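K.L.:
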Amino acid sequence: MDKTMSLPRAISTYLRDGDTVALEGFGHIVPVAAAHEIIRQGFTDLVLARMSCDVIVDQLLGANCLQGLISSFIANSSAGSLHELRRRIEKSDPKPLWFEEYSHGGMVARYQAGAAKLPFQPIASYRGSDLAAKNPRIKSVPDPYGGPGIHVVPALNPDLTIIHAQRADMHGNVQAWGMLGIQTEAAFAGRRLIVTVEEIVDEAVVR
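Residue numbers (the working numbering): -9 to 197.
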């Protein structure tokens, strides 16, 4: 079955106002074109899940697409600060932004739980951290085997995950290489998935 379609059609078909959408990818495979298409189509009230916030987050905020953000890193790499995001969080300007913060490990654990269809994932690295005191969704549960309590984070199952890759065939078999980050887990955790690619190749190339 041919699963290819234009990016405008994919966004209009699979994204809805109010959805939680994951835009994952780092460095060479940030889904920039998809973020810009979301802006062009005027979506609003989205909750964005993105491990490392960068310029596309500032652009989505500036276009009034987002009501909330789930993330573990806020910076624009070597280009400086994310001024729109900082204004929203620090000054509620032009309006407040709902923000749910985790560590990188916490975001990974959330996607892993979502991909495995588990309700939550244990994470040992929050022991001794004050992050759990600042985020009420980070809980502590008893160890059923008698050890000390352990923190858990809830599964993250975005309504839509969008990732970018180098190539795919018409059937949706995707190949990506380089520093992939959390794309695989985010893809399996999403209820719906869009993969943007640079090249559509013959099935024999991918297989």
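Virtual Cβ for every residue (Gly too), placed ideally from N, Cα, C. This one's a predicted model, so the numbers in the text were calculated from it and none came from an experiment.
Per DSSP, what are the beta-bridge partners of residue 38 in this structure?
P.N.:
Start at 1 with the first residue of the sequence shown, and residue 38 comes out as number 48. Partner(s): 11, 59.
K.L.:
Let me confirm a value: residue 154 is counted as buried when at least 16 other C-beta atoms fall within 10 Å, else exposed. Which label applies?
P.N.:
To locate residue 154, count along the sequence shown from 1; it is residue 164. Buried.
K.L.:
What's the call for residue 97, buried or exposed, on a 16-neighbour Cβ count within 10 Å?
P.N.:
The residue you call residue 97 lines up with position 107 of the sequence shown. Counting Cβ neighbours within 10 Å, residue 97 comes out buried, since at least 16 surround it.
K.L.:
Rounded to whole angstroms, what's the CA-CA distance from residue 194 to residue 158? Just pull it up for me.
P.N.:
As a position in the sequence shown, residue 194 is number 204, starting the count at 1. As a position in the sequence shown, residue 158 is number 168, starting the count at 1. Approximately 11 Å between the Cα atoms of the pair.
K.L.:
Given residue -4, which residues of its chain have a CB within under 7 Å of its CB, disregarding the five upstream and five downstream residues?
P.N.:
Reading the sequence shown from its first residue, position 6 is the one you call residue -4. Within the same chain, residue -4 has no close Cβ partners at all.
K.L.:
To which residues of the same chain is residue 46 closer than 7 Å at the C-beta, ignoring the five residues directly before and after it?
P.N.:
As a working mapping, residue 46 is identified with position 56 in the sequence shown. So the qualifying residues of the chain are 13, 20, 22, 25.
K.L.:
For residue 175, I'd like the list of residues in its chain whose CB is within less than 6 Å of its CB, leaving aside the five on either flank, ordered along the chain.
P.N.:
As a position in the sequence shown, residue 175 is number 185, starting the count at 1. For residue 175, where only same-chain residues beyond five positions count, the Cβ hits under 6 Å are 101, 102, 105.
K.L.:
If you draw a straight line from the alpha carbon of residue 75 to that of residue 48, how long is it in whole angstroms?
P.N.:
Position 85 of the sequence shown, counted from the first residue, corresponds to residue 75. Position 58 of the sequence shown, counted from the first residue, corresponds to residue 48. Each residue's alpha carbon lies about 6 Å from the other.
K.L.:
Closest to residue 70 by C-alpha separation, out of 58, 54, 43, 147, would be which residue?
P.N.:
On the sequence shown, position 80 is the one that residue 70 refers to. That would be 43, whose Cα lies nearest to the Cα of residue 70.
K.L.:
Starting from the C-beta of residue 90, find all residues in its chain whose C-beta is less than 6 Å away, skip the five residues before and the five after it, and write them out in chain order.
P.N.:
Here residue 90 is taken as the residue at index 100 of the sequence shown, counted from 1. Result list for residue 90: 60, in chain order.
K.L.:
Can you tell which of 112, 99, 95 has the C-alpha that lies nearest to the C-alpha of residue 179?
P.N.:
Start at 1 with the first residue of the sequence shown, and residue 179 comes out as number 189. Of the listed residues, the one whose Cα sits closest to residue 179 is 99.
K.L.:
Short of 7 Å in beta carbon distance, which residues of its chain neighbour residue 55, apart from the five on each side in sequence? Order them along the chain.
P.N.:
Taking the sequence shown and counting its residues from 1, one reaches residue 55 at position 65. Only 28, 29, 33, 34, 36 meet the Cβ criterion.
K.L.:
For a test of the three-state rule: what should DSSP assign to residue -1, helix, strand or coil?
P.N.:
Within the sequence shown, residue -1 is the residue found at index 9, counting from 1. Helix at residue -1.
K.L.:
Using the Cβ count rule (16 or more neighbours within 10 Å means buried), how would you classify residue -6?
P.N.:
Stepping through the sequence shown from its first residue, residue -6 is reached at position 4. Exposed, since its Cβ has fewer than 16 Cβ neighbours within 10 Å.
K.L.:
If we ignore side chains and look at the alpha-carbon of each, how far apart do residue 114 and residue 80 end up?
P.N.:
As a first step, residue 114 must be located in the sequence shown, where it is residue number 124. As a first step, residue 80 must be located in the sequence shown, where it is residue number 90. Rounded to the nearest angstrom, the two C-alpha atoms are 30 Å apart.
K.L.:
DSSP state of residue 77, grouped into three classes?
P.N.:
Residue 77 sits at position 87 when you count from the first residue of the sequence shown. Correct three-state label for residue 77: helix.
K.L.:
Check whether the Cβ atoms of residue 127 and residue 149 sit closer than 8 Å, and answer yes or no.
P.N.:
The residue you call residue 127 lines up with position 137 of the sequence shown. The residue you call residue 149 lines up with position 159 of the sequence shown. Result no, Cβ atoms of residue 127 and residue 149 do not sit closer than 8 Å.
K.L.:
Whose C-beta lies closer than 8 Å to the C-beta of residue 50 among residues of the same chain, with five residues either side of it excluded?
P.N.:
Your numbering for residue 50 matches position 60 in the sequence shown. Answer for residue 50: 25, 28, 29, 36, 38, 56, listed in chain order.
K.L.:
Tell me whether residue 73 is buried or exposed, calling it buried when 16 or more other Cβ atoms sit within 10 Å of its Cβ.
P.N.:
Within the sequence shown, residue 73 is the residue found at index 83, counting from 1. Classification for residue 73: exposed.
K.L.:
Taking residue 107 as the reference, give the member of 95, 145, 16 with the closest Cα.
P.N.:
What you label residue 107 is simply residue 117 of the sequence shown in a count that begins at 1. Nearest C-alpha to residue 107: 145.
K.L.:
So is the beta-carbon of residue 60 under 7 Å away from any non-hydrogen atom of the ligand COA?
P.N.:
Because no ligand of any kind appears in the structure shown, any question about the ligand COA cannot be addressed here.
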